[in-house]
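Add 15 to a position in the sequence shown, counting from 1, and you land on the number used in the working numbering. Quick reminder that beta carbons are idealized off the backbone N, C-alpha and C, glycines included.
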Amino acid sequence: MGNTRRGRQSINMLLVVLIGFCVLAIIEIVYGQAQMKVERQRLELEEQNRQAVEELKEEWRSLREGSSVVTAESEAAPAASGAEKDTTPAKIEKQETPKKEETAEKKEEPAPQEEDDREYSMQIVILGDSIMDGDRTESGAADIIGEQLDAKIYNMSMGGTTAALLPNDQYNFAKWESRSLLGVVNAILGNINTDIFDGYAAGEVLKTCDFDKTDYFIIEYGVNDFLTGQIPNSRYLEGGDTLAMDEAHTYTGALHDAVSRLKGRFPDAGILLVSPHYCQVFNGSTFIGDGYSLDYGYGPLITYARGAGYVAGQFAEERVFFFNAFEESGIDAGTADKYLTDGIHMTPLGARVYAEKMAKIIHNDFAPEE
């Protein structure tokens, strides 16, 4: 009897073990199938994103002969806030302009403004893209800076422009056509014909501003440089390779050239160099990537922001200040819905927090005792 009972117990235990193995096998099969399904979906999404990015780059290439501006209010898909209503993809699109390789939307001749004879504490000249040009009302960043600092603002920003020259642009004063940062700086210095700025607010500033009275220049570029997919952050690549192009066709090279020329001509003026801020890029309603993940071939946007910081560091002893807008403006993935209208351009609230931080940097230099 005892042997029979023990035999039955052994059989029962064996059945339990076999059933356990079967259950585990079934679980592993189901889990494996679920993993395969997730992986297939991931690969499909990755392929969709890759195709979307390729389509954006192809559209950019097809429009190069008549456009290089990406804006939130134009009607095509993006390829590069920093910007005319800047350069934003999907929710940001390219804007055609009449001349070859033009980067700014032609604007109507600005209406003459009444002369402002009020005494201000300082004079600030702003060079930038649509982040500074897109909203020229009291809710825009430029006006907020003026309000915070009691400053006379001369805003030479033009939406859709880049800091660097585009690939087909020549660094030739006699044949100059670019409205980039380098174009604006060389116009201020009298090196080029300024007719290319006629019809833009920047053209009026060139005619009315006494730049020798400038206390501070603000330089804000980068999103368009990144989104073009044609402008490297630097000639120097990781691993020691060097791109076969001159510095003026790179973002940091153009910044360095501009700062050098302005400091050479206006040594007593301070310069605030502003990096591109955190951005999110969409193709229609599809999220393509953000300033940390999206790469058009020369690194994500954050590398451009850090490149701007590197340039500012080269002039740290010459009253060139740096605002790391990407990492210190308060605009990030958690606040993008509140501070950004389309992933790149700012809401009035975003413009205020952004502008107030710039104003604080300038104020701390202008009145350090306060």
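Where residue i falls, given that 16 or more other Cβ within 10 Å makes a residue buried
| i | result |
| --- | --- |
| residue 31 | exposed |
| residue 41 | exposed |
| residue 245 | buried |
| residue 318 | buried |
| residue 327 | buried |
| residue 212 | buried |
| residue 190 | exposed |
| residue 185 | exposed |
| residue 222 | exposed |
| residue 164 | buried |
| residue 393 | With the chain running from 16 to 385 in the structure shown, residue 393 is simply not present. |
| residue 252 | exposed |
| residue 2 | Shown here, the chain extends from 16 to 385; a query on residue 2 therefore has no answer. |
| residue 192 | buried |
| residue 172 | buried |
| residue 28 | exposed |
| residue 188 | exposed |
| residue 331 | exposed |
| residue 208 | exposed |
| residue 258 | exposed |
As assigned by DSSP and simplified to three states, the class of residue i
| i | result |
| --- | --- |
| residue 26 | helix |
| residue 138 | strand |
| residue 325 | helix |
| residue 361 | strand |
| residue 305 | strand |
| residue 202 | helix |
| residue 143 | strand |
| residue 181 | coil |
| residue 338 | strand |
| residue 187 | coil |
| residue 348 | coil |
| residue 168 | strand |
| residue 381 | helix |
Own chain residues within Cβ distance below 8 Å of residue i, not counting five before or after
| i | result |
| --- | --- |
| residue 384 | none |
| residue 151 | 157, 158, 170 and 216 |
| residue 271 | 262, 326 and 329 |
| residue 368 | 344, 345, 346 and 354 |
| residue 366 | 150, 154, 155, 156 and 159 |
| residue 53 | The pLDDT assigned to residue 53 is 48, lower than 50, so where the model puts this residue is not dependable, and the model offers no usable value. |
Chain-order list of residues whose beta-carbon lies under 7 Å from that of residue i (same chain, five-residue window excluded)
| i | result |
| --- | --- |
| residue 322 | 248, 249, 266 and 267 |
| residue 312 | 244 |
| residue 160 | 139, 166, 168, 370, 373 and 374 |
| residue 324 | 290, 337 and 339 |
| residue 363 | 154 |
| residue 315 | 306, 307, 308 and 309 |
Cβ shell of residue i (< 6 Å), same chain only, five flanking positions each side left out
| i | result |
| --- | --- |
| residue 320 | 290, 291 and 341 |
| residue 224 | 169 |
| residue 26 | none |
| residue 278 | 333 |
| residue 234 | 142 and 288 |
| residue 280 | 204 |
| residue 351 | 295 |
| residue 264 | 179 and 180 |
| residue 79 | Residue confidence for residue 79 is low, a pLDDT of 44 falling below 50, so the modelled location carries little weight; the figure read from the coordinates is stated next. Here the set comprises nothing. |
Any non-hydrogen atom of the ligand FAD closer than 7 Å to residue i Cβ
| i | result |
| --- | --- |
| residue 172 | The model depicted lacks the ligand FAD and carries no ligand whatsoever. |
List, from N- to C-terminal side, the beta strand (DSSP E) runs of 3 residues or more that fit wholly inside the segment 214-299. With a minimum length of 3 residues, the continuous beta strand (DSSP E) runs that stay inside the segment 214-299 are 231-235, 285-289 and 295-298.
Does the segment 301-311 come into contact with the segment 223-237, if we say contact requires no fewer than three beta-carbon pairs (one atom in each stretch) closer than 8 Å? As far as the Cβ criterion goes, the segment 301-311 does not touch the segment 223-237, which means the pair count is below three.
Inspect the CB distances between the segment 291-299 and the segment 353-363 and report whether three or more fall short of 8 Å. In short, these stretches touch, since the Cβ pair count reaches three.
For the structure I just gave you, are there three or more beta carbon pairs, one from the segment 323-339 and one from the segment 367-380, closer than 8 Å? For the pair of segments examined, the segment 323-339 was found to touch the segment 367-380: the number of CB pairs separated by less than 8 Å reaches three.
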